[in-house]
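Student: Here you go, one structure.
There are 2 protein chains.
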Amino acid sequence: MSEPITFKKTRRGSGALTLRDVAALAGVAPITASRAINTPSQVSPLLLKKVQDAVARTGYVPNRAAGGLASSRSRLIAAVTPSTVMSVFMGTIEALNSALFEADYQLMLGQTSYSLSREETLLEAIIGRRPDGIFLTGILPPGKGRTMLLASGIPVVETWDLTPTPIDMLIGFSHDDIGRDVANHMYKRSYRSFALVRASDERAVRRGIAFKAALTKLRLKQPVEINVGASRTIKSGREALAQILKTAPQVHAIFCSSDLLAFGVMLEAQSRGLRIPHDMAIMGFGDAPFAADLVPSLSSVRINGENIGQLAARYLIDRAEGRSVAEPIVNVGFSIIEREST
Amino acid sequence: MSEPITFKKTRRGSGALTLRDVAALAGVAPITASRAINTPSQVSPLLLKKVQDAVARTGYVPNRAAGGLASSRSRLIAAVTPSTVMSVFMGTIEALNSALFEADYQLMLGQTSYSLSREETLLEAIIGRRPDGIFLTGILPPGKGRTMLLASGIPVVETWDLTPTPIDMLIGFSHDDIGRDVANHMYKRSYRSFALVRASDERAVRRGIAFKAALTKLRLKQPVEINVGASRTIKSGREALAQILKTAPQVHAIFCSSDLLAFGVMLEAQSRGLRIPHDMAIMGFGDAPFAADLVPSLSSVRINGENIGQLAARYLIDRAEGRSVAEPIVNVGFSIIEREST
DNA sequence: AATCAATATGGTAGCGCTACCAATAGTGAC
DNA sequence: GTCACTATTGGTAGCGCTACCATATTGATT
């Protein structure tokens with residue numbers, strides 16, 4: 000019953016169905032089949048139906064790599080993130096991915112938090128795909144990577160931080176403001192003797208510096224500072240508090256650079272019989288999903304990460320489709336969530 | 000000083016540097032430049048150096064979409080995962096991504112846990128990119144999606160589960176065995192009255208069924224069963240325990256379908272003054288990074304997710320490069336980690 | 001000296017799709 | 001009936017790269 004279809008035989012190619020096959024089946028020119036699929040409004044109802052039938056009958060899926068090559072539009076967005084297990088960035092990435100999916104873009108993931116040379120390799124791999132946009136977690140310091148991105152001409156959003164000199168677009172907030180506001184907030188709640196438990200990443204360091212500067216301004220003693228390196232774990236938090244209690248028993252309030260660390264501090268405090276916040280106040284960062292549910296609930300600094308992801312998606316898509324972005328630098332701010340632990 | 004290079008002017012194309020430009024600069028044919036970049040051993044040292052210089056001078060990054068189109072090798076692997084925030088799959092995805100990066104493959108991410116039609120759209124988007132391999136979290140039930148994958152001919156690994164009829168390759172473990180082993184394990188530790196707190200995903204359900212079947216075999220009463228739906232949160236865990244205590248105060252041990260739920264149960268138990276495990280024993284699933292650090296530490300079922308990711312990467316790469324995989328179906332097993340909460 | 005093989009380089013022809021332009025038919029205005 | 005205009009369809013020529021084949025060139029082999 001079905002008309003005989005002659006497939007062009009060649010030793011090249013993937014052997015998969017092509018637009019030409021579908022067009023032949025539908026009895027139209029390849030370009031008409033292309034339009035029927037991509038811009039159906041430009042095709043008459045009759046031919047449209049023929050093409051759609053042919054697509055349905057064959058299960059044809061257009062090759063987007065070929066389409067992208069022809070149109071210089073890959074419909075691909077790349078995201079660069081640090082290691083993601085249990086990370087505060089996951090919500091952002093997920094929101095980004097959802098918004099991109101809605102708009103028929105695909106997310107390509109790259110992970111850094113390795114050496115700097117790895118980062119350059121990663122950026123090269125990304126640029127090699129010619130994505131329509133690049134999402135960066137954090138801001139990229141001057142260097143080869145930054146130069147490559149600039150030279151590539153691909154729209155870029157940097158996120159989760161602020162700088163006067165972004166590569167292109169920027170959606171973030173001020174870590175300095177956070178450090179300062181947390182110090183003032185704790186001060187208002189009558190805490191006077193502080194410790195700082197933080198990871199070694201640059202943003203945590205900056206929050207810490209601002210925190211310390213604010214304490215100085217308040218004429219308070221500098222906090223005890225524990226650097227847990229890259230290990231943002233409950234265990235590190237526990238060890239950090241143990242060390243603080245040993246070397247500085249007067250400490251009465253602790254600002255942690257992540258909620259997981261804060262939770263560790265909390266566990267250690269509880270296992271030593273300290274009452275929270277009476278004997279020890281604890282402030283986290285990130286407002287992880289579990290923060291509100293801990294006992295006592297954990298005070299934290301909330302960043303609307305989903306909002307950053309959605310906004311970034313919109314910005315990148317706008318730019319990919321040739322629209323300009325009205326406000327390419329946005330400070331999304333933060334809020335200090337006061338709960339039982341302070 | 001620099002020789003004049005005439006760029007072909009056309010209104011098409013991205014305007015970016017191409018292999019032709021680099022070849023012209025180096026004074027060789029495009030194909031020789033291609034070989035110098037991809038298979039340097041095939042080019043004489045003299046020309047190799049010329050090409051490398053030209054690449055360095057211009058900052059040329061090859062267009063992999065074009066390369067992929069020509070060679071039918073995209074060097075792209077797609078991964079399909081459920082929503083990822085705080086999920087047990089993150090370790091696997093991260094290991095997968097690292098291993099792929101090492102081998103110069105790129106990861107494309109797709110998220111499901113939406114409707115079934117969404118899943119089909121996602122698979123179509125993925126197949127449209129012609130990835131060299133597809134990683135699936137879980138197994139894909141018969142349906143349009145499965146048919147599409149089968150028809151595409153792309154290597155596929157299903158993971159985190161077992162089935163006699165995989166699409167292609169399979170790296171997983173038996174949820175039935177877990178349910179059964181946990182029941183027997185708890186029985187040996189002298190617990191007799193159980194509850195089951197679980198999410199509604201199919202794998203959690205299956206663990207639950209096996210758990211209940213094992214209890215029956217042990218001639219014990221069926222457990223109280225709380226379904227928290229898709230909400231695998233601490234809060235749901237707390238509410239679940241509250242409900243259990245109200246309707247079935249005799250319950251003495253609880254098997255939770257995730258560590259986060261288990262943690263919620265633990266918090267609720269503690270806030271009610273119950274001693275763990277004396278008054279209430281708790282078993283989680285997934286062995287999250289925090290499980291060992293809780294107080295008391297949480298017993299859990301450990302899956303080596305990183306191993307799954309690494310193995311999947313190796314399998315997919317092997318298949319992408321034309322090698323066959325000796326053992327395409329692997330049961331990586333699991334282990335019950337006995338800690339203080341049971 | 002003729003033969004063979006291996007190495008190095010280049011030319012040609014696509015991969016599967018879409019931008020751009022051309023051609024045709026149909027519409028309404030005048 | 002002519003003109004301008006729109007809607008619909010198709011042809012052509014790439015996008016930037018690599019597979020495949022052809023051609024030198026060299027050295028070793030008989």
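Line by line, the protein sequences are chains A and B. Residue numbering for the first sequence follows numbering that gives the first Met the number 0, starting at 0 and increasing by one per position. Residue numbering for the second sequence follows numbering that gives the first Met the number 0, starting at 0 and increasing by one per position. All C-beta atoms in this analysis are idealised placements derived from N, C-alpha and C, irrespective of residue type, glycine included. Computed from a prediction, not measured in an experiment: that's the story for all the values here.
Exposed or buried, Gly-308 of chain B, counting other C-beta atoms within 10 Å across all chains shown (16 or more means buried)?
Tutor: Position 309 of the second sequence holds residue 308 of chain B. Per the 10 Å Cβ criterion, buried.
Student: Starting from Thr-158 of chain B, trace the beta strand (DSSP E) both ways and give me its first and last residue.
Tutor: Position 159 of the second sequence, counted from the start, is the residue given in the question as residue 158 of chain B. That run of the beta strand (DSSP E) goes 155 to 158.
Student: What residues in the segment 266 to 277 of chain B have a beta carbon less than 8 Å from any beta carbon of chain A?
Tutor: Cβ contacts with chain A: Leu-266, Gln-269 and Ser-270.
Student: Could you check which residue in A:Arg-117, A:Gly-66 and A:Met-168 has the C-alpha nearest to that of Lys-143 of chain A?
Tutor: Here residue 143 of chain A refers to the residue found at position 144 when the first sequence is read from its first residue. The shortest Cα separation from Lys-143 of chain A among A:Arg-117, A:Gly-66 and A:Met-168 belongs to A:Arg-117.
Student: Could you give the residue range of the beta strand (DSSP E) that holds Gln-110 of chain A?
Tutor: The residue given as residue 110 of chain A occupies position 111 in the first sequence. Note, Gln-110 of chain A: beta strand (DSSP E), 105 to 110.
Student: For His-277 of chain B, does the count of other Cβ atoms within 10 angstroms reach 16, so buried, or fall short, so exposed?
Tutor: Along the second sequence, read from residue 1 onward, the residue named residue 277 of chain B stands at position 278. Result: exposed.
Student: Run down chain B in chain order and give the residues with a C-beta less than 7 Å from the C-beta of Asn-62 of chain A.
Tutor: Numbered from its first residue, the first sequence carries residue 62 of chain A at position 63. Neighbours of Asn-62 of chain A on chain B, chain order: Gly-127 and Arg-129.
Student: Measuring only the C-alpha atoms, how far is Leu-219 of chain A from Ala-194 of chain A?
Tutor: In the first sequence, residue 219 of chain A corresponds to position 220, counting from 1. In the first sequence, residue 194 of chain A corresponds to position 195, counting from 1. Taking the straight line joining both Cα atoms gives about 12 Å.
Student: Could you compute how far the alpha carbon of Gly-14 of chain B sits from the alpha carbon of Ala-64 of chain B?
Tutor: Residue numbering aside, residue 14 of chain B sits at position 15 when the second sequence is read from its first letter. Residue numbering aside, residue 64 of chain B sits at position 65 when the second sequence is read from its first letter. The alpha-carbon atoms of Gly-14 of chain B and Ala-64 of chain B are separated by roughly 15 Å.
Student: Under the assumption that Phe-344 of chain A contacts Gly-332 of chain A (Cβ atoms under 8 Å), give the Cβ distance between them as a whole number of angstroms.
Tutor: For residue 344 of chain A there is no data in the structure shown, the boundaries of chain A being 0 and 341.
Student: Can you name the residues that DSSP bridges to Met-282 of chain A?
Tutor: In the first sequence, residue 282 of chain A corresponds to position 283, counting from 1. Beta-bridge pairing links Met-282 of chain A to A:Phe-254 and A:Ser-298.
Student: Quick check on Gly-132 of chain A: does DSSP put it in helix, strand or coil?
Tutor: As a working mapping, residue 132 of chain A is identified with position 133 in the first sequence. In the structure shown, Gly-132 of chain A sits in a strand (DSSP, three-state: E or B).
Student: Write down every uninterrupted run of the alpha helix (DSSP H) in the segment 10 to 74 of chain A whose length is 4 residues or greater and which is fully enclosed by it, in chain order.
Tutor: Fully enclosed alpha helix (DSSP H) runs of 4 or longer: 18 to 25, 29 to 37, 44 to 57 and 63 to 70.
Student: Note down, in chain order, every chain B residue with its Cβ under 9 Å from the Cβ of Met-107 of chain A.
Tutor: Reading the first sequence from its first residue, position 108 is the one you call residue 107 of chain A. By Cβ distance, chain B contributes Leu-75, Gln-105, Leu-106, Met-107 and Leu-108.
Student: Quick one: what does DSSP say Thr-246 of chain B is sitting in, helix, strand or coil?
Tutor: Counted from its first residue, the second sequence places residue 246 of chain B at position 247. DSSP places Thr-246 of chain B in helix when its eight states are reduced to three.
Student: If Gly-127 of chain B and Pro-61 of chain A are in contact, beta carbons under 8 Å, what's the gap, nearest whole angstrom?
Tutor: Translated into the one-based positions of the second sequence, residue 127 of chain B becomes position 128. Translated into the one-based positions of the first sequence, residue 61 of chain A becomes position 62. Correct: roughly 6 Å between the Cβ atoms.
Student: Nearest CA to the CA of Arg-129 of chain B: which residue from B:Gln-110, B:Gly-152 and B:Gly-109?
Tutor: The residue you call residue 129 of chain B lines up with position 130 of the second sequence. Here the closest residue by C-alpha is B:Gly-152.
Student: How many Å lie between Leu-259 of chain A and Ser-296 of chain A at the Cα?
Tutor: Against the first sequence, residue 259 of chain A aligns to sequence position 260. Against the first sequence, residue 296 of chain A aligns to sequence position 297. Approximately 13 Å between the Cα atoms of the pair.
Student: Quick check on this structure: which residue in B:Met-168, B:Arg-301, B:Asn-226 and B:Ala-239 has the alpha carbon closest to the alpha carbon of Pro-327 of chain B?
Tutor: Numbered from 1 along the second sequence, position 328 holds the residue referred to as residue 327 of chain B. If we check each option's Cα against that of Pro-327 of chain B, B:Met-168 comes out closest.
Student: Opposite Asn-226 of chain A in the DSSP bridges: which residues?
Tutor: Counting from 1 along the first sequence, the entry for residue 226 of chain A is found at position 227. Its beta-bridge partners are A:Arg-197.
Student: Give the DSSP-derived three-state secondary structure of Ile-92 of chain A in the structure shown.
Tutor: Numbered from its first residue, the first sequence carries residue 92 of chain A at position 93. In this structure, Ile-92 of chain A counts as helix in the three-state DSSP scheme.
Student: Could you confirm whether any beta carbon from chain A is found closer than 8 Å to the beta carbon of Val-294 of chain B?
Tutor: As a first step, residue 294 of chain B is located in the second sequence; it is residue number 295 there, counting from the start. It does; some Cβ of chain A falls within 8 Å.
Student: So if DSSP puts Val-329 of chain B in a beta bridge, which residue, or which two residues, is it bridged to?
Tutor: The residue labelled residue 329 of chain B in the question sits at position 330 within the second sequence. Paired residue(s): B:Ile-170.
Student: Rounded to a whole number of angstroms, what is the C-alpha to C-alpha distance between Thr-120 of chain B and Leu-139 of chain B?
Tutor: Residue 120 of chain B sits at position 121 when you count from the first residue of the second sequence. Residue 139 of chain B sits at position 140 when you count from the first residue of the second sequence. If I take the Cα positions, the gap works out to 14 Å.
Student: Hey, is the segment 217 to 234 of chain A in contact with the segment 188 to 203 of chain A, meaning 3+ C-beta pairs nearer than 8 Å?
Tutor: Contact between the segment 217 to 234 of chain A and the segment 188 to 203 of chain A is present, because at least three Cβ pairs lie under 8 Å.
Student: Leaving aside the five residues before and after Ser-86 of chain A along the sequence, list all residues of the same chain whose C-beta is less than 8 Å from its C-beta, in chain order.
Tutor: For the purposes of this step, residue 86 of chain A is taken as the residue at position 87 of the first sequence. Thr-80, listed in sequence order.
Student: Which residues, in chain order, does the segment 222 to 245 of chain B contribute to contact with chain A at a C-beta distance below 8 Å?
Tutor: Against chain A - using a Cβ distance shorter than 8 Å - the residues of the segment 222 to 245 of chain B are Thr-232, Ile-233, Lys-234 and Arg-237.
Student: Does Ser-1 of chain A have its Cβ less than 8 Å from a Cβ in chain B?
Tutor: The residue labelled residue 1 of chain A in the question sits at position 2 within the first sequence. Any answer about Ser-1 of chain A is weak, because its pLDDT of 36 lies below 50 and its placement is not dependable; what the coordinates show is given next. Not an interface residue.
Student: Distance, Cα to Cα, Thr-215 of chain B vs Ala-182 of chain B?
Tutor: Your numbering for residue 215 of chain B matches position 216 in the second sequence. Your numbering for residue 182 of chain B matches position 183 in the second sequence. Taking the straight line from one Cα to the other gives about 10 Å.
Student: So, with DSSP's three-state summary, where would you put Gly-137 of chain B?
Tutor: Taking the second sequence and counting its residues from 1, one reaches residue 137 of chain B at position 138. Here Gly-137 of chain B sits in strand by DSSP.
Student: Listed from N- to C-terminal order along the chain, which residues in the segment 193 to 210 of chain B have their beta-carbon within a distance smaller than 9 Å of any beta-carbon of chain A?
Tutor: So the list is empty, because no residue satisfies the distance condition.
Student: Could you check whether the Cβ of Ala-347 of chain A sits closer than 8 Å to any Cβ belonging to chain B?
Tutor: Here chain A has residues from 0 to 341 only, and residue 347 of chain A is not among them.
Student: Whose Cβ in chain A lies nearer than 8 Å to the Cβ of Leu-288 of chain B?
Tutor: The residue given as residue 288 of chain B occupies position 289 in the second sequence. In the sequence on display, residue 288 of chain B carries Pro and not Leu. Neighbours of Pro-288 of chain B on chain A, chain order: Val-84, Met-85, Thr-232 and Ile-233.
Student: Please report the distance separating the alpha-carbon of Ser-73 of chain A from that of Arg-318 of chain B.
Tutor: By one-based count along the first sequence, residue 73 of chain A stands at place 74. By one-based count along the second sequence, residue 318 of chain B stands at place 319. Between Ser-73 of chain A and Arg-318 of chain B, the C-alpha separation is close to 26 Å.
Student: Exposed or buried, what is Pro-165 of chain A when buried is set at 16 or more other beta-carbons lying within 10 Å of its beta-carbon?
Tutor: Sequence index remark: in the first sequence, residue 165 of chain A carries index 166 (1-based). The residue in question, Pro-165 of chain A, is buried, as its Cβ has 16 or more Cβ neighbours within 10 Å.
Student: Out of B:Lys-234, B:Met-265, B:Ile-281 and B:Ala-241, state which residue places its alpha-carbon closest to the alpha-carbon of Phe-254 of chain B.
Tutor: As a first step, residue 254 of chain B must be located in the second sequence, where it is residue number 255. Taking only the C-alpha atoms, the option nearest Phe-254 of chain B is B:Ile-281.
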